[in-house]
Amino acid sequence: MSEAMEAEFDTVAEWTATVAAALGPQYYVPAGCRGSGSPAALDWLIENLRLRPGDELLDSGAGVGGPAAYAAQERSVRPVLVEPETGACRAARRLFDHPVLCGSGSALPFGDATFDAAWSLGVLCTMTDQLALLTEQRRTVRPGGRIGLLAFVAHRAIPADVLPDNHFPTPQRLAGLIRDAGLRVEEQMTTADLPPIPDEWSERADTVEEALAKRYGHTEAWQLAEQQSGEIGKLLGDGTLTGELLILRGA
Ligand SMILES: C[S@@+](CC[C@H](N)C(=O)[O-])C[C@H]1O[C@@H](n2cnc3c(N)ncnc32)[C@H](O)[C@@H]1O
C-alpha cells in the first residue's frame, strides 16, 4: 500500500477513533464511515440487500467500521468486519462491539457460504486484486445471498499524477469483473441521485473532521490523507468519477 493510502486507511483511521471516543458515542458511526459516507447510501444497500434481523453480514474492507455498525443499529444484523490495516482494525474494535478480523478481502479466512450477505464499500479502487475481492465475497456468501458494492468508476482518463495508487475501473471493466466473478447486477444506483446527507449527520462528521485537523493537522499523514480525499472529491465533482451502488447475486 502506498504512503498516502497507509496514511488515510491506517494512521488517520486510528486517530479518528481517538477523536470520536473523546467526543462521545453519537459521533462513532459518522466518524467511522470513511468513504461510503452517506446514510442514504447505507439505507439503499440495507433495503436492496433485503437484510433481516439476525443476518450475518460480512463487511470486506470495513475501515473504522461505521457502515457495519449502522447496519447493526438500523436492521439488527450481526456484522463481521475484515480490514487489512491494523490501525483501522484497532479503531473499529475501540468504537464498536463487532468481530474484526485483520486480513485481506482477497483471501478471506472463512468457509464457503458462511454469510447471509456481504458488502464492500469504497474498497475496490484501492486494490489491484479486484477480481479476488468479488470472488471471495461470492464464495463466502450463501447461495442466493446478495452482495453490495460501492465502487468509484472512471468515465474518462485520470492524469497519471493524480491519485496514482488508486485503480478506478471503467464501467466496462467493472462489468467484466462482475461477470468474471460469476455474479450479475440485480440493482444499481448512482450515489449522486440519492437524498442528501441529513444535517445532524453532517454536523457530527464535520465536528470529528475539525477535531482531527486541530490535533493532527500539522502531520504529514493528515496532509496526505486530506490531499487524497480532496482529489477524489474533485473527480466526483467534475463527473470524472461516479459512485455506483450495486446489488450483486450469483449468475
Ligand atoms: C475508502 S476506505 C472505506 C472503508 C469503509 N468501507 C467505509 O466505507 O467506511 C477503503 C478501505 O479498503 C481497505 N482495503 C484496502 N485493500 C484491501 C484489501 N485487499 N482487502 C480488504 N480491504 C482493503 C482499506 O484499508 C480501507 O480501509
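Straight run, no breaks: the sequence shown in the UniProt record's numbering ends on number 251.
For glycine and all other residues, C-beta sits at the position ideal for the given N, C-alpha and C.
On a predicted model such as this, the values are computed, not experimentally measured, just so you know.
Can you tell me the Cα-Cα spacing of residue i and residue j, whole angstroms?
i	j	result
proline 67	aspartate 129	23 Å
glycine 217	threonine 18	15 Å
valine 123	leucine 150	8 Å
glutamate 83	leucine 57	14 Å
valine 153	leucine 121	13 Å
glycine 63	glycine 148	16 Å
leucine 51	leucine 108	21 Å
alanine 175	glycine 145	19 Å
threonine 86	threonine 190	31 Å
serine 2	aspartate 165	7 Å
arginine 215	glycine 230	19 Å
cysteine 125	methionine 5	11 Å
arginine 173	histidine 167	11 Å
valine 80	proline 195	28 Å
tryptophan 44	glutamate 74	12 Å
glycine 37	tryptophan 201	10 Å
alanine 221	methionine 127	20 Å
glycine 237	glutamate 203	21 Å
serine 76	glutamate 210	31 Å
threonine 114	serine 106	16 Å
leucine 49	isoleucine 158	32 Å
isoleucine 46	threonine 219	37 Å
With residue i and residue j assumed to form a contact (beta carbons below 8 Å), what rounded beta-carbon distance in angstroms separates them?
i	j	result
tryptophan 119	aspartate 59	6 Å
isoleucine 247	proline 39	Isoleucine 247 to proline 39, Cβ: 18 Å. No contact.
leucine 131	glutamine 188	19 Å between Cβ atoms; not a contact.
threonine 16	leucine 212	6 Å
glycine 65	glycine 32	5 Å
Are residue i and residue j close, meaning C-beta to C-beta below 8 Å?
i	j	result
glycine 61	arginine 78	no
aspartate 10	alanine 88	yes
arginine 139	aspartate 116	no
arginine 156	threonine 242	no
alanine 13	alanine 91	yes
alanine 160	alanine 7	no
glycine 233	proline 143	no
proline 30	valine 208	yes
leucine 163	glutamine 228	yes
alanine 41	tyrosine 28	no
proline 171	leucine 177	no
Can we count residue i as close to ligand 3, meaning its CB is less than 7 Å from some heavy atom?
i	result
cysteine 102	Annotation note on ligand 3: not contained in the displayed structure, which lists ligand 1 as its ligands.
Quiz item: Of all the beta strand (DSSP E) runs that stay within the bounds of the stretch 149–209, which reach a length of 3 or more residues?
Solution: 183–190
Quiz item: Can at least three beta-carbon pairs, one atom from the stretch 176–191 and one from the stretch 135–153, be found at a separation below 8 Å?
Solution: yes
Quiz item: Of all the beta strand (DSSP E) runs that stay within the bounds of the UniProt domain "Methyltransferase type 11" (58–147), which reach a length of 3 or more residues?
Solution: 78–83, 100–102 and 115–121
Quiz item: Okay, do the stretch 69–76 and the stretch 90–107 touch, 3+ Cβ pairs below 8 Å being the bar?
Solution: As far as the Cβ criterion goes, the stretch 69–76 touches the stretch 90–107, which means the pair count is three or higher.
Quiz item: Taking contact to mean at least 3 C-beta pairs separated by less than 8 Å, is the stretch 102–121 in contact with the stretch 22–32?
Solution: no
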